[in-house]
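Colleague: Let me begin by handing over the structure; questions about it come next.
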Amino acid sequence: MKKLFFTASTALFSTFIMGQASGNINYRDQESYNNTAIDINFPSNNDILVSVKGLANVKADAYTAIFSITQNGKTTKEVNELMDQRIMQSLNEIKLKKGVETFVDMISFVPVYEYETEKKVFNRKTYNEVPAGFELKKNIHIKFDDPNQLNEFIAILSNYEIYDLVKVDYFSNALETIKKEMMMKAKLLVQEKLKNYQELLGETFINTEKKITDDFIINVPIEMYKSYEAYNSSSLNLKKAANINQVTKSVTLYYQPVFNKDFDFVINSTVLEPVIQIQYEIKIAINREKKPASKTDKEFILVTPNGDLKTLNTNTTKQN
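Right, dumping it as structure tokens:
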């Protein structure tokens, strides 16, 4: 009797070590994500570089959810009537909710084709495309203030076979105010760092050449979702070739905000729900090199007996 030997192994890691509180995220592939941290640089030189980075987590005060709806029909009249009926009935219920605004966006209206078989006695089958009807696509935009209302919208729209939630956009009216607050905090920290460097070096930077640059980055939740697959798979030690049918594994999405660890200050450090994240960085480069004054930099001024000031030209050359 043939026996199958199963060896348990992780599907995504050859070595699996994690703390019990780390979660299933540890099953994910070793993916490299784009750097979400702000990065501004000066050309490489011997300057002293003073940098301050800040992060602000801003809770949204308005949201826009977009749902996609598709309708098929034999004629243009049928398609439009069915689409209008589904949208009108669903929006009539949604508009009863407090603080809700809606907008319907036209996406596409195209004919649909199918294949018709043409049979001939002494020839192969021929498949001809023939009109089969029309396909109409629209998007429903819903603006709302309370994030808990999204579940209510989904319940209403699903009654009319509208299931495709395309995305949710986040908005805040406090972004400019938060930016100003971040710039002020960064200014104080830069001054503190400059003072510390001067004390450590025993010199002053007052008369030194300086360069300054700064920038903002804003990350919204739709950009910050990651994914992973968590499962254990088995290896089969088979002597003969065999067909193996694998089951489609579930993919998990999760919100991954920018971490607080790389910043000099953080506004609203605790993140419970997806938020708008603002990053700010300011850099100052200080050139400590003392350039000796050249002869051409000197200027002589003659005071005449009448009290007039005249600049003497010291660059004159002798003529033969």
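Take the sequence shown: its letters are residues -23 to -1, 1 to 297, numbered as in mature numbering (1 follows the signal peptide of the UniProt record, and there is no 0).
In this text, a Cβ means the ideal position worked out from N, Cα and C, and glycines have one as well.
All values derive from a computational prediction rather than experimental measurement.
Please report how far the alpha carbon of Val81 lies from the alpha carbon of Asp123, in whole angstroms.
Modeller: Their backbone Cα atoms lie some 21 Å apart in a straight line.
Colleague: Expressed to the nearest angstrom, what Euclidean distance is found between the alpha-carbon atoms of Asn116 and Phe44?
Modeller: Roughly 6 Å between the two C-alpha positions.
Colleague: Flag Gln62 as yes when its Cβ comes closer than 8 Å to any non-hydrogen atom of the ligand NAP, and as no otherwise.
Modeller: As presented, the structure is devoid of all ligands, the ligand NAP included, so that no description of it is given.
Colleague: Start and end of the beta strand (DSSP E) containing Phe130?
Modeller: Unbroken run through Phe130 is the alpha helix (DSSP H), Gln126 to Ser135; no beta strand (DSSP E).
Colleague: Can you tell me whether DSSP reads Asn34 as helix, strand or coil?
Modeller: DSSP places Asn34 in strand when its eight states are reduced to three.
Colleague: Taking the alpha helix (DSSP H) that Thr94 falls in, what are its first and last residues?
Modeller: Careful: Thr94 lies outside any alpha helix (DSSP H), inside the beta strand (DSSP E) at Glu78 to Glu95.
Colleague: Considering only the alpha carbon of each residue, which of Val252, Ile25 and Val35 lies closest to Leu177?
Modeller: Answer by Cα proximity: Ile25.
Colleague: Can you give the Cα-Cα distance for residue 306 and Phe236, rounded to whole angstroms?
Modeller: The structure shown does not extend to residue 306, since the chain spans only -23 to 297, so no value can be given for it.
Colleague: For the pair the region 58 to 73 and the region 166 to 183, tell me if three or more CB-CB distances fall below 8 Å.
Modeller: With the cut-off at 8 Å, the region 58 to 73 and the region 166 to 183 do not touch.
Colleague: Lys162 by DSSP, collapsed to three states: which one?
Modeller: Lys162 falls in the helix class under three-state DSSP.
Colleague: Taking 9 Å as the threshold (C-beta atoms), are Met161 and Ile244 in contact?
Modeller: No, they are not a contact pair.
Colleague: Evaluate Glu258 with the Cβ neighbour count: other Cβ atoms within 10 Å of its Cβ, from every protein chain shown; 16 or more gives buried, anything less gives exposed.
Modeller: Buried.
Colleague: According to DSSP, Lys187 sits in a beta bridge with which residue or residues?
Modeller: For Lys187, which the question treats as bridged, DSSP gives the partners Ile263.
Colleague: If we call anything under 9 Å between Cβ atoms a contact, is Lys36 one with Glu186?
Modeller: No, these two residues do not count as a Cβ contact at 9 Å.
Colleague: Mapping the DSSP letters down to three states, classify Lys54 as helix, strand or coil.
Modeller: Three-state result, Lys54: helix.
Colleague: Of the choices Lys287, Ser211, Asp192 and Pro88, whose alpha-carbon is the least far from that of Lys54?
Modeller: The shortest C-alpha separation from Lys54 is found at Pro88.
Colleague: At what residues does the beta strand (DSSP E) containing Phe121 begin and finish?
Modeller: Unbroken beta strand (DSSP E) run through Phe121: Thr103 to Phe121.
Colleague: Where Ala42 and Ser246 are concerned, what is the direct C-alpha to C-alpha distance, given to the nearest angstrom?
Modeller: About 26 Å.
Colleague: Report yes if the C-beta distance between Ile195 and Gln254 is below 9 Å; otherwise report no.
Modeller: A contact, by the Cβ cut-off of 9 Å.
Colleague: Going by DSSP in three states, Ser45 sits in which element: helix, strand or coil?
Modeller: Note: Ser45 maps to strand in three-state DSSP.
Colleague: Where Leu127 and Glu95 are concerned, what is the direct C-alpha to C-alpha distance, given to the nearest angstrom?
Modeller: Their Cα atoms are separated by approximately 50 Å.
Colleague: Under three-state DSSP, which class holds Asn209?
Modeller: Asn209 falls in the strand class under three-state DSSP.
Colleague: Let me know if Met60 comes out buried or exposed under the rule of 16 or more other beta-carbons within 10 Å of its beta-carbon.
Modeller: Met60 is buried by the Cβ-count criterion.
Colleague: Does the distance from the CB of Lys226 to the CB of Tyr208 come in under 9 Å?
Modeller: Yes; because the gap between Cβ atoms is below 9 Å, this pair is in contact.
Colleague: Under three-state DSSP, which class holds Tyr231?
Modeller: In this structure, Tyr231 counts as strand in the three-state DSSP scheme.
Colleague: Using the rule of at least 16 other Cβ atoms within 10 Å of the residue's Cβ for burial, across every protein chain shown, is Lys30 buried or exposed?
Modeller: Counting Cβ neighbours within 10 Å, Lys30 comes out buried, since at least 16 surround it.
Colleague: For Val56, does the count of other Cβ atoms within 10 angstroms reach 16, so buried, or fall short, so exposed?
Modeller: Classification of Val56: buried, given that the 10 Å Cβ count is 16 or more.
Colleague: Quick one: measure Cβ to Cβ for Tyr231 and Val197, integer angstroms, because I've assumed they're closer than 8 Å.
Modeller: 16 Å between Cβ atoms; not a contact.
Colleague: Which value, in whole angstroms, describes the spacing of the CA atoms of Phe242 and Leu32?
Modeller: Spanning the two alpha carbons is a distance of roughly 7 Å.
Colleague: My understanding is that Ile71 touches Ile119, with C-beta atoms under 8 Å, so please give their C-beta distance in whole angstroms.
Modeller: Their Cβ separation, rounded to whole angstroms, is 6 Å, which keeps Ile71 and Ile119 in contact under 8 Å.
Colleague: As a quick exercise: from Asp192, Asn283 and Asn49, pick the residue whose alpha carbon is nearest that of Gln256.
Modeller: If we check each option's Cα against that of Gln256, Asp192 comes out closest.
Colleague: Please state whether the Cβ-Cβ distance between Glu112 and Asn49 is less than 9 Å.
Modeller: Yes, the Cβ-Cβ distance between Glu112 and Asn49 is below 9 Å.
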